[in-house]
Amino acid sequence: MSVPVSIRKISRSFGAMQALVDIDLEIAAGEFVSFVGPSGCGKTTLLRIVADLERATAGDVSIGGAAPKEMRRQKKLGLVSQRPAVLPWKRALDDVKFTQKIAGRVGYPAEQLLADFGLSGHEQKRPGQLSGGMLQRVNCASAIAHDPELLLMDEPFSALDEMKREEMGEWFALELQKRPRTVLFVTHHIDEAVLLSDRVVVFTKSPGRVHEVVTIKAPRPRDRSFRETSLFIEITARLRRTLFHELEAGV
Amino acid sequence: MTVQSETSWGFFGALLRFVVSLLLPIVSIFGLWYLAIYVSDLPSFVIPDPWMVLVSLYENRALIAEHTGHTLKVAAAGFILSNVVGIGLAMIFVSLPLTRNAIMPAAITIRNVPYVIIVTVLALAMGDGFATKVTVVTLAGFFPVLVNTYRGLQAVDPIVLDRMRILDASLWEVFIKVRLPYSIPFIIAAQEITGSASIVIAIAVEWMISRTGLGYVINQGMMAYQGELVYAVALVAAAVSFAVYSLIHYLGGRLNWSERNDP
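As you go down the protein sequences, you meet chains A and W in turn.
Residue 42 is where the first sequence starts when you use the numbering used here, and the numbers rise one by one after that.
Residue 12 is where the second sequence starts when you use the numbering used here, and the numbers rise one by one after that.
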């Protein structure tokens, strides 16, 4: 199950500082949309507003026709953070089951989910016994264990090294094919955004506005070979130019 | 053949090391004790012969055992109440942050008032019974529990709190399933301080106002110039305090998730 998301005229200020100004976005059910932009442009803030973890100063968000708070109450949201939000005393399997217990809903059998995430044989390990990549897979498994309709991901693979990050991106694209859902994805990595997304939203530097929305006209999931296509090269180059332009503007 | 002899030497070596590690503290304590007697030239009721202390310990074993029981009751009740008050206040402070501003200054004040004054006031108000002694031990012991538990409850990783919020977890679920487990290493550290301190404080209060307990026996020993009895009680008190610390340390290690390395 997937839901559409409407972001209408969202603004957010922190005292005198404006973080986001008039953000308008319509996201279709099942769509994968990435937010890219310079540091401090408010992309994480927007994700947190959609997640009902922060309030907007103006505007509103609707997820499947309901307010984020209502979707949260119905346990239809999932969150993957940059650092794994796993509980340090829980074994991998227990951590996944913990989400299901709190949500009161078993989206997928926890053992099967971990097996699908390449964690067979590691179910009984605690966070300190898992590598960074494995830990982030447990984090993703725990985030979707209750089968949320909207998955919010805040730089989920940024803490990993380059190769591991690419590998995780490719793995996650395949995972979404098996269990499709709407995804909002914050990232600093243009190539990651282009590989995974239907659309990439480019933010201006602070205060964050939507500079442009780039549609990636290629079917998902895209594998490693997509990185060598002219479409990939052309879009990443264009996005890079836009971001550098944003960074250098006013310097 | 070579391997066997190495193994047996390894075993005897380990045994020797174990025996030496046991004997060394005893030899050093008694050696320094005898040295102090020899050098200081103080009367025997001030610094008695270790052997006389052991004799006194044996002869007064019934008396010391009975009063150790009294001291342990006071210390145990005070220790439990220290935890109830300390953990309870920490939970209230985290749930209702305003209460921290209201209560913490009073807690710090109590912490810094000399215990002699607290004992005097409580003895005047409540007499010199069990309740007074337990109250003093509680007032002396709750603060480390409060501070550590509060710090532990606050030590939760904010991203875990985000995870709980996105799942619409209740405050109770967040508290029981996240905040409390996060605070366990901190609470255990506080127990190691409060556990042995409860015994020391209980003895001090008994020394000041009580007619029971090891503190009272010390007092009686002093009055009668029975230095060996005072030292015998000191040995028992140190042993009990060490045993309590070790027990808490062992149990804490079993409960503490941050020290678990099992596969």
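All C-beta atoms, glycine included, are put in the ideal place defined by N, C-alpha and C.
Local conformation of residue i per DSSP, three classes
i             : result
residue 221/W : coil
residue 138/A : helix
residue 49/A  : strand
residue 128/A : coil
residue 67/A  : strand
residue 229/A : coil
residue 255/A : strand
residue 56/W  : coil
residue 110/W : helix
residue 59/A  : strand
residue 54/A  : strand
residue 158/W : helix
residue 97/A  : coil
residue 266/A : helix
residue 222/A : coil
residue 240/A : strand
residue 252/W : helix
residue 147/A : coil
residue 44/A  : coil
residue 74/A  : strand
residue 264/W : helix
residue 249/A : strand
Interface partners of residue i on chain A, CB under 7 Å
i             : result
residue 164/W : Within chain A, no residue comes near residue 164/W; the closest Cβ sits about 15 Å away, beyond 7 Å.
residue 198/W : Within chain A, no residue comes near residue 198/W; the closest Cβ sits about 14 Å away, beyond 7 Å.
residue 108/W : The contacting residues do not exist; residue 108/W stays about 19 Å from chain A at best.
residue 174/W : 120 and 126
Beta-carbon gap between residue i and residue j smaller than 8 Å
i             : j             : result
residue 182/A : residue 154/A : yes
residue 220/W : residue 158/W : no
residue 78/A  : residue 243/A : yes
residue 272/A : residue 75/A  : no
residue 84/A  : residue 210/A : no
residue 145/W : residue 88/W  : yes
residue 269/A : residue 43/A  : no
residue 233/A : residue 198/A : yes
residue 193/A : residue 88/A  : yes
residue 179/A : residue 127/A : yes
residue 140/A : residue 92/A  : no
residue 101/W : residue 164/W : yes
residue 138/A : residue 151/A : yes
residue 123/A : residue 196/A : yes
residue 237/W : residue 56/W  : yes
residue 90/W  : residue 194/W : no
residue 310/W : residue 205/W : In this structure chain W extends from 12 to 274, so residue 310/W is not present and cannot be described.
residue 263/A : residue 214/A : yes
residue 2/W   : residue 79/W  : In the structure displayed, chain W extends from 12 to 274; residue 2/W sits before or after that span and is not available.
residue 86/A  : residue 120/A : no
Residue i: contacting residues in chain B (beta-carbon distance under 7 Å)
i             : result
residue 170/W : Absent from the structure: chain B. Protein chains present are A and W.
Interface residues of chain A facing residue i [CB-CB closer than 8 Å]
i             : result
residue 184/W : 143
Under 9 Å from the C-beta of residue i: neighbouring residues of chain W
i             : result
residue 94/A  : 173, 176 and 177
residue 140/A : 174 and 178
residue 113/A : 176, 177, 178 and 179
Partner residues on chain W for residue i, Cβ-Cβ distance less than 7 Å
i             : result
residue 130/A : 192 and 268
Any non-hydrogen atom of the ligand MN closer than 7 Å to residue i Cβ
i             : result
residue 185/W : The ligand MN is not among the ligands present in this structure, which contains no ligands whatsoever.
Per-residue contacts from residue i into chain W (C-beta, under 8 Å)
i             : result
residue 116/A : 178 and 179
Checklist entry - On the three-pair Cβ rule with 8 Å, is the region 171-191 of chain W touching the region 110-124 of chain W? => result Judged by Cβ distances under 8 Å, the region 171-191 of chain W makes no contact with the region 110-124 of chain W, as fewer than three pairs qualify.
Next on the checklist: Quick check for students: name the residue ranges of the beta strand (DSSP E) that lie wholly in the region 159-212 of chain A, counting only runs of 3 or more.
Outcome noted: Taking 3 residues as the minimum length, the beta strand (DSSP E) runs contained wholly in the region 159-212 of chain A are 191-195, in order along the chain.
Checklist entry - Looking at C-beta atoms only, is the number of pairs between the region 219-230 of chain A and the region 164-179 of chain A that lie closer than 8 Å three or more? => result Not touching, per the Cβ criterion.
Next on the checklist: With a threshold of 8 Å, are at least 3 pairs of Cβ atoms found where one atom belongs to the region 258-269 of chain W and the other to the region 210-218 of chain W?
Outcome noted: By the C-beta criterion, the region 258-269 of chain W is judged not to be in contact with the region 210-218 of chain W, since fewer than 3 inter-stretch pairs fall below 8 Å.
Item to check | Touch test, the region 172-180 of chain A against the region 199-217 of chain A, Cβ-Cβ under 8 Å, three pairs minimum | outcome: At 8 Å Cβ cutoff, the stretches touch.
Checklist entry - Is the region 68-76 of chain W touching the region 243-254 of chain W, taking contact as three or more C-beta pairs under 8 Å? => result At 8 Å Cβ cutoff, the stretches touch.
Next on the checklist: Three Cβ pairs or more, each shorter than 8 Å: is that satisfied between the region 260-270 of chain W and the region 87-105 of chain W?
Outcome noted: No, they do not touch.
Checklist entry - In the region 160-186 of chain W, which residue ranges form an unbroken alpha helix (DSSP H) of at least 4 residues, counting only runs that do not cross its ends? => result The qualifying runs are 169-177 and 182-185.
Next on the checklist: Restricting to runs no shorter than 4 residues, where is the alpha helix (DSSP H) found entirely within the region 102-126 of chain A?
Outcome noted: Within the region 102-126 of chain A, complete alpha helix (DSSP H) segments of at least 4 residues are found at 109-114, given in chain order.
Checklist entry - Quick one: any contact between the region 49-68 of chain A and the region 97-117 of chain A, if contact means 3 or more CB pairs under 8 Å? => result Touching, per the Cβ criterion.
Next on the checklist: Going residue by residue through the region 31-107 of chain W, where are the continuous alpha helix (DSSP H) segments of at least 4 residues, counting only ones entirely within it?
Outcome noted: As far as the region 31-107 of chain W is concerned, its whole alpha helix (DSSP H) runs of at least 4 residues are 61-70 and 72-106.
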